[in-house]
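Report on one structure; see the data block that follows.
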Amino acid sequence: MKRMTRRQQSRRLLLQVAASLPVWALARAASASLPESFSAKTLDDALAGLAGGHSIQEHPDIELDVPDIAEDSGKVPVQVYAPLPGTEKISILIEANPAPLISVTHIRGQTEPYVSLRVKMRETSRVIVLVHTPDGVFQAAREVTVTGGGCA
Numbered sequence: 009m010k011r012m013t014r015r016q017q018s019r020r021l022l023l024q025v026a027a028s029l030p031v032w033a034l035a036r037a038a039s040a041s042l043p044e045s046f047s048a049k050t051l052d053d054a055l056a057g058l059a060g061g062h063s064i065q066e067h068p069d070i071e072l073d074v075p076d077i078a079e080d081s082g083k084v085p086v087q088v089y090a091p092l093p094g095t096e097k098i099s100i101l102i103e104a105n106p107a108p109l110i111s112v113t114h115i116r117g118q119t120e121p122y123v124s125l126r127v128k129m130r131e132t133s134r135v136i137v138l139v140h141t142p143d144g145v146f147q148a149a150r151e152v153t154v155t156g157g158g159c160a
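Numbering (this note's numbering), first residue to last: 9 to 160.
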């Protein structure tokens with residue numbers, strides 16, 4: 009095998025750094041656009057950040073589908089359907105997790121206001137969904153009992 013000269017090594021390093029700059033810039037831009045609520049350590053702080061000064065009201069039309077009992081706390085299915093007019097955003101929070109805010113999904117144009125994902129839960133807790141519309145912020149919540157150990 010042929011050894012690289014110091015100049016070749018420097019050139020290779022420069023090319024590697026230059027190739028990684030776009031990825032670094034995208035990652036930085038993505039993290040800057042995340043709501044501060046993702047770093048909230050309490051449910052109240054996360055809710056306050058997400059509500060943006062609006063009061064949060066219960067809404068009977070929000071469909072939150074979660075199991076009553078989750079045997080695998082690492083993969084708890086959560087499905088949300090929010091047929092509210094003008095739905096702009098759906099946020100999912102888990103009350104007992106160290107970082108309560110799990111997901112924020114922006115709804116654009118004629119997109120159906122539906123979110124489906126699996127979440128990790130630390131312990132038995134309420135799963136809370138916030139639906140953001142021009143008319144205000146609405147919520148639905150359900151308790152999920154966790155039987156298996158989880159580390160969120």
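For each residue, glycine too, the CB sits at the ideal point set by N, CA and C.
In chain order, what residues of the same chain lie with their CB nearer than 7 Å to the CB of residue i, ignoring the 5 residues before and after it?
i         : result
lysine 10 : none
Can you tell me which of the three DSSP states residue i falls into?
i            : result
aspartate 76 : coil
arginine 19  : helix
arginine 14  : helix
serine 39    : Legend: pLDDT at serine 39 = 49, less than 50; position of this residue unreliable, no value from coordinates given.
Check for me: the alpha helix (DSSP H) holding residue i runs from which residue to which?
i          : result
alanine 59 : 51-59
Which one of the options has the shortest CA to CA distance from residue i?
i             : options                      : result
arginine 126  : Ala104, Gly144, Leu58, Val88 : Val88
valine 74     : Val137, Ile98, Thr141        : Val137
glutamine 118 : Ile70, Gly94, Asn105, Arg150 : Gly94
alanine 78    : Ala148, Val135, Thr13, Ser18 : Val135
Please indicate yes or no: does the CB of residue i lie closer than 8 Å to some heavy atom of the ligand ZN?
i          : result
valine 137 : Absent from the structure shown: the ligand ZN. Ligands present: none.
Who are the Cβ neighbours of residue i in its own chain at under 6 Å, not counting the five residues just before and after it?
i            : result
glutamine 65 : Phe146
alanine 104  : Arg130, Glu131, Ser133
Compare the beta carbon distance of residue i and residue j with 9 Å and say whether it is the shorter of the two.
i             : j           : result
glutamate 151 : serine 124  : no
leucine 101   : proline 121 : no
Determine the extent of the beta strand (DSSP E) in which residue i is found, giving its start and end residues.
i             : result
glutamine 87  : 84-89
lysine 97     : 97-102
threonine 141 : 133-141
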